[in-house]
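Participant: Going down the list, the protein sequences come from chains C and L. Here the first sequence stands for residues 1 to 213, where the numbers follow our numbering. Here the second sequence stands for residues 1 to 431, where the numbers follow our numbering. Cβ coordinates follow ideal geometry from the N, Cα and C atoms, glycine included. Note that the coordinates shown come from a computational prediction; the quantities given were computed from them, not determined experimentally. My structure is below; once you've seen it, I'll send some questions.
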Amino acid sequence: MSAVRVVLVDDHRLVRSGVRAELGAEVEVVGEAADVDEAVRVITDTKPDVVLLDVHLPGGGGGEVIRGVHDELPAVRFLALSVSDAAEDVIGVVRAGARGYVTKTIDGPALTDAIVRVAGGDAVFGPRLAGFVLDAFAGGTVVEEADDELDALTQREREVLRLIARGYTYREAAQELVLSERTIETHVSSVLRKLQLSNRRELAKWASARRLV
Amino acid sequence: MTDGRVSDPGPAGEDAAGRTRPPLVRHSDGRLLAGVATGIARHLGVRVAIVRVIFALLAVNGIGGLAYLAFWLLVPEQADGDDGLRLRRPRDFVRAVTRDLPGDVPNRRRKLLLYVLGAVVGASILSGIGIHFGGSSLLPLSVAGVGALLIWWSSPETQRAQWTRDAKHYTSKFSRRGPLLVILGGVGLVVIGVASFLAANDALKQARDGALAIAATLVGVLLITGPWLFRLVRELTAERRERIREHERAEVAAHVHDSVLQTLALLQSQAEDPDAVRRLARRQERELRDWLYAAPTEADTGATFATALRQAAAEVEDAHAISIDVVVVGDAPLDDRLTATVAAAREGMVNAAKASGAPNVSVFAEVGQDGVDVFVRDRGRGFDVDSIPDDRRGIRESIVGRMSRNGGSASIRSGPTGTEVALTVPRQART
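This is how it looks when you write it as structure tokens:
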């Protein structure tokens with residue numbers, strides 16, 4: 001498999017060079033950008049597999065970059081990278097179309113793994129994002145009771161998210177639940193879809209606080 | 001409104017499009033009489049013929065002539081213009097009209113005659129359809145128009161630029177052409193409409209002059225003060241926003257000084273002690289995060305399970321130079337059981353910090369309707385749970401014993417991939 005082509009978008013040069021240094025050989029950095037306009041330009045020029053996207057960016061934030069290129073290049077996938085703990089930031093950028101969210105404290109191998117995962121079409125949930133999602137979908141455990149299938153998590157999805165929130169990797173979660181890793185990935189992707197499409201009030205509230213509906 | 005307050009991004013004297021407006025001076029080249037019309041046209045950036053027609057038409061009721069004379073006297077000549085024109089005695093005026101001037105346009109007299117004839121014919125036509133230029137109907141308007149022109153001319157450049165921008169803002173929805181044309185056109189339509197209506201109703205003849213004067217005055221007042229009022233409101237809003245921003249900035253500055261700068265100073269003084277540096281940095285990061293992202297409800301309701309758990313994690317971090325990530329879903333007010341659960345979780349974190357050798361610990365807590373679950377997990381070297389020596393009271397007593405005394409339970413799993421302490425306790429029935 002050839003290296004995953006990645007564009008780094010962050011307004012801090014130090015962060016970009018730090019991330020670049022940490023990434024493994026499976027990943028090739030083909031471009032960097034420091035603000036929304038530059039990011040849209042670089043992504044359009046280089047057509048990378050994955051964009052590593054800072055949530056806070058001059059010129060409108062990470063969500064703006066996703067909206068700027070998504071129509072033209074739907075194949076480009078986004079992984080949000082942030083120091084922010086604010087739920088509305090994280091949920092906002094995921095709802096704009098990011099396939100996952102990791103914090104900047106993530107170590108190199110884990111980040112490389114996350115990028116490869118996103119490039120393969122999977123969703124990447126860290127403990128914090130899993131916690132936010134559990135919070136947002138709290139209540140309504142039984143899916144049959146919900147009006148809309150998108151507004152509730154299944155029991156299995158909830159179990160998977162709990163394990164991720166506890167700090168388990170996908171592989172460890174698979175062992176714990178006696179499932180295949182592939183099944184875990186399917187569950188997480190399904191949660192991502194609900195997160196992006198659900199109109200649940202908490203999600204809408206978080207998103208609208210950042211005008212990222 | 002003082003000139004210094006005008007929020008003009010460009011240098012003074014430029015209009016909204018960035019063009020430099022030439023100063024209002026009388027131009028000797030291209031003039032027919034004294035260069036007033038040429039000067040005004042160049043200054044406003046409109047065709048000179050338009051200005052001349054207006055002057056000629058207004059001259060029919062006398063205002064145009066007076067205005068022309070006023071400008072002639074008040075507006076300075078272009079510095080390098082000729083000095084052959086003086087208006088001191090009546091015969092100078094006659095000479096000015098008839099004399100050939102240096103730098104004259106060709107056929108100057110014929111053009112002059114054309115404008116005069118045009119004005120007479122135009123006025124006749126207009127009076128034929130009921131608009132009497134010589135009458136009192138358009139007199140107030142003429143006075144107002146000339147007055148506006150004089151105000152315009154005597155205002156400083158920055159004020160003019162502001163007016164132009166205001167007018168453009170006003171009219172941009174309707175036209176991309178010069179805003180002046182739109183305003184003049186609008187006023188003209190209103191006036192003609194009112195005039196023809198009044199002319200068609202002789203019964204209203206008495207009310208006509210008064211009504212027209214009031215209408216003209218209202219329109220004039222609106223035109224002159226409208227943009228200014230609009231801008232005043234906008235500036236007040238901007239000022240209030242600026243004040244709020246200033247207040248927030250001061251608050252941030254105070255906080256940064258009290259915490260971040262102090263920590264940075266400490267970091268520099270303890271640079272040779274990596275443990276201390278890590279601890280300080282981590283603590284500062286935590287405090288900053290709390291300040292930036294903490295949900296207001298946590299601060300308001302005081303002691304809750306989530307805040308207590310985060311507090312416990314913070315203390316363990318400080319004491320053992322380790323990084324603890326806490327994720328809490330849901331929250332509840334602290335009661336005896338939850339306090340005990342937090343204490344047990346804290347013991348689990350201390351144990352992980354001391355024994356595992358892992359650099360960080362994950363804590364996940366979920367407050368459900370029926371119970372509370374807490375997981376403390378590290379990826380360090382595990383231990384054999386069954387062979388915990390009796391003297392290690394920490395795990396036996398502080399975790400397992402404490403949980404069972406409070407109606408909950410604790411389980412510990414440990415292996416080569418790390419250790420996880422799982423605590424669960426049912427919620428206390430609310431009284």
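Output yes if chain L places a C-beta closer than 8 Å to the C-beta of C/A138; else output no.
Facilitator: Mapped onto the first sequence, residue 138 of chain C falls at position 138. So yes, C/A138 belongs to the interface.
Participant: Taking C-beta to C-beta, are C/E26 and C/T112 nearer than 8 Å?
Facilitator: By 1-based counting over the first sequence, the position of residue 26 of chain C is 26. By 1-based counting over the first sequence, the position of residue 112 of chain C is 112. Cβ distance < 8 Å, so C/E26 and C/T112 count as in contact.
Participant: Helix, strand or coil for L/V421, going by three-state DSSP, please let me know.
Facilitator: Position 421 of the second sequence holds residue 421 of chain L. Strand, per DSSP.
Participant: Anything in chain L within Cβ reach of C/G131, meaning under 8 Å, just list it in chain order.
Facilitator: Reading the first sequence from its first residue, position 131 is the one you call residue 131 of chain C. Residues of chain L passing the Cβ test: V327, V328, V329 and F364.
Participant: Quick one: which chain L residues come within Cβ less than 8 Å of C/D135?
Facilitator: Here residue 135 of chain C is taken as the residue at index 135 of the first sequence, counted from 1. From the beta-carbon of C/D135, the residues of chain L found nearer than 8 Å are V329 and G330.
Participant: Pull up the DSSP beta-bridge partners for L/N360, would you.
Facilitator: As a first step, residue 360 of chain L must be located in the second sequence, where it is residue number 360. L/S323, per the DSSP bridge assignment.
Participant: Just to make sure I have the definition right: I need the residues of chain C whose C-beta is within less than 7 Å of the C-beta of L/F496. Which are they?
Facilitator: Given a span of 1 to 431 for chain L in the structure shown, any question on residue 496 of chain L remains unanswerable.
Participant: Which chain L residues are close to C/A86, counting only those with a beta carbon under 8 Å from its beta carbon?
Facilitator: By 1-based counting over the first sequence, the position of residue 86 of chain C is 86. Result: L292 and Y293.
Participant: Could you tell me which residues DSSP pairs with L/T304 in its beta bridges?
Facilitator: Within the second sequence, numbered from 1, the residue matching residue 304 of chain L stands at position 304. L/P333.
Participant: Apart from the five residues on each side of it in sequence, which residues of its chain come closer than 7 Å, Cβ to Cβ, to C/V142?
Facilitator: Counting from 1 along the first sequence, the entry for residue 142 of chain C is found at position 142. With a pLDDT of 44 at C/V142, under the threshold of 50, the predicted position of this residue should be treated as unreliable, and no value is reported.
Participant: Helix or strand or just coil, what does DSSP make of L/P426?
Facilitator: The residue labelled residue 426 of chain L in the question sits at position 426 within the second sequence. It is a strand residue.
Participant: DSSP puts C/E32 in a beta bridge; with which residues?
Facilitator: Position 32 of the first sequence, counting from 1, holds the residue named residue 32 of chain C. According to DSSP, C/E32 bridges with C/L8.
Participant: Out of curiosity, what's the CA-to-CA distance linking L/V53 and L/R249?
Facilitator: Here the question's residue 53 of chain L lines up with position 53 in the second sequence. Here the question's residue 249 of chain L lines up with position 249 in the second sequence. Those two C-alpha atoms are separated by around 58 Å.
Participant: Kindly indicate if chain A contains any beta-carbon less than 8 Å away from that of L/R289.
Facilitator: Of the chains in the structure shown, none is chain A; the protein chains are C and L.
Participant: Whole angstroms are fine: how far does the CA of L/M403 sit from the CA of L/A340?
Facilitator: Position 340 of the second sequence holds residue 340 of chain L. Position 403 of the second sequence holds residue 403 of chain L. Roughly 7 Å separates the two Cα atoms.
Participant: Check whether the stretch 131-140 of chain C touches the stretch 50-57 of chain C, taking contact to mean three or more Cβ pairs, one atom from each stretch, closer than 8 Å.
Facilitator: no
Participant: Express the C-alpha separation of L/D384 and C/E72 in angstroms, rounding to a whole number.
Facilitator: In the first sequence, counting from the first residue as 1, residue 72 of chain C sits at position 72. In the second sequence, counting from the first residue as 1, residue 384 of chain L sits at position 384. C/E72 and L/D384: Cα-Cα distance of roughly 56 Å.
Participant: Use the C-beta contact count for C/E194: other C-beta atoms within 10 angstroms, 16 or more gives buried, fewer gives exposed.
Facilitator: What you label residue 194 of chain C is simply residue 194 of the first sequence in a count that begins at 1. What sits at residue 194 of chain C in the sequence shown is Lys, not Glu. C/K194 comes out buried.
Participant: Taking C/V118 as the reference, which of C/E185, C/E38 and C/R20 has the closest Cα?
Facilitator: Sequence index remark: in the first sequence, residue 118 of chain C carries index 118 (1-based). Checking every option, the nearest Cα to that of C/V118 belongs to C/E185.
Participant: First and last residue of the alpha helix (DSSP H) that includes C/I66?
Facilitator: The residue given as residue 66 of chain C occupies position 66 in the first sequence. Boundaries of the alpha helix (DSSP H) around C/I66: G62 to H70.
Participant: Determine the chain L residues that contact C/R128 at a beta-carbon separation under 9 Å, and present them in chain order.
Facilitator: Within the first sequence, numbered from 1, the residue matching residue 128 of chain C stands at position 128. Per Cβ cutoff of 9 Å: D325 and V327.
Participant: Determine, using beta carbons only, whether C/R162 comes closer than 8 Å to chain L.
Facilitator: The count along the first sequence starts at 1 and reaches residue 162 of chain C at position 162. C/R162 belongs to the set of residues whose beta carbon lies under 8 Å from a beta carbon in chain L.
Participant: Check L/T263 in the structure and name its three-state DSSP category.
Facilitator: The count along the second sequence starts at 1 and reaches residue 263 of chain L at position 263. In the structure shown, L/T263 sits in a helix (DSSP, three-state: H, G or I).
Participant: Tell whether a beta-carbon distance below 8 Å holds between L/E317 and L/R283.
Facilitator: Along the second sequence, one-based indexing puts residue 317 of chain L at 317. Along the second sequence, one-based indexing puts residue 283 of chain L at 283. For L/E317 and L/R283, yes; Cβs fall inside 8 Å.
Participant: How about the stretch 342-358 of chain L and the stretch 149-167 of chain C: do they share at least three Cβ pairs that are nearer than 8 Å?
Facilitator: no
Participant: Here's the rule I'm using: 16 or more other beta-carbon atoms within 10 Å means buried, otherwise exposed. How should C/R166 be labelled?
Facilitator: Working through the first sequence from its first residue, we reach residue 166 of chain C at position 166. It is buried - the Cβ of C/R166 has at least 16 other Cβ atoms within 10 Å.
Participant: Excluding five sequence neighbours on each side, which residues of the same chain lie with their C-beta closer than 6 Å to the C-beta of C/R5?
Facilitator: Taking the first sequence and counting its residues from 1, one reaches residue 5 of chain C at position 5. Excluding sequence neighbours, C/R5 sits near E28, V30, P48 and D49.
Participant: Out of curiosity, what's the CA-to-CA distance linking C/G68 and L/F364?
Facilitator: For this step, residue 68 of chain C is matched to residue 68 along the first sequence. For this step, residue 364 of chain L is matched to residue 364 along the second sequence. Cα to Cα, the separation comes out at about 36 Å.
Participant: Is DSSP giving L/I399 helix, strand or coil here?
Facilitator: Within the second sequence, numbered from 1, the residue matching residue 399 of chain L stands at position 399. L/I399: helix per DSSP, three-state reduction.
Participant: What residues in its chain sit with their C-beta under 7 Å from that of L/G447, if we drop five residues either side in the sequence?
Facilitator: There is simply no residue 447 of chain L to check, as chain L begins at 1 and stops at 431 in what is shown.
Participant: Taking C-beta to C-beta, are C/G59 and C/D35 nearer than 8 Å?
Facilitator: Indexing the first sequence from 1 puts residue 59 of chain C at position 59. Indexing the first sequence from 1 puts residue 35 of chain C at position 35. Closer than 8 Å, so yes.
Participant: Thinking just about the alpha-carbon of each residue, which of C/E88, C/V40, C/I115 and C/K104 is nearest to the one in C/A12?
Facilitator: Along the first sequence, read from residue 1 onward, the residue named residue 12 of chain C stands at position 12. Note that residue 12 of chain C is His in the sequence shown, not Ala. Ranking the options by Cα distance to C/H12, first place goes to C/K104.
Participant: Going by the beta-carbon positions, is the gap between C/D135 and C/S189 smaller than 8 Å?
Facilitator: Against the first sequence, residue 135 of chain C aligns to sequence position 135. Against the first sequence, residue 189 of chain C aligns to sequence position 189. No, the pair does not count as a contact, with Cβ atoms beyond the cut-off.
Participant: If you measure between the beta carbons of C/L81 and C/V102, is that distance less than 8 Å?
Facilitator: One-based indexing of the first sequence puts residue 81 of chain C at position 81. One-based indexing of the first sequence puts residue 102 of chain C at position 102. C/L81 places its beta carbon less than 8 Å from that of C/V102.
Participant: Less than 8 Å between the C-beta atoms of L/V361 and L/I395, yes or no?
Facilitator: The residue you call residue 361 of chain L lines up with position 361 of the second sequence. The residue you call residue 395 of chain L lines up with position 395 of the second sequence. Contact: no.
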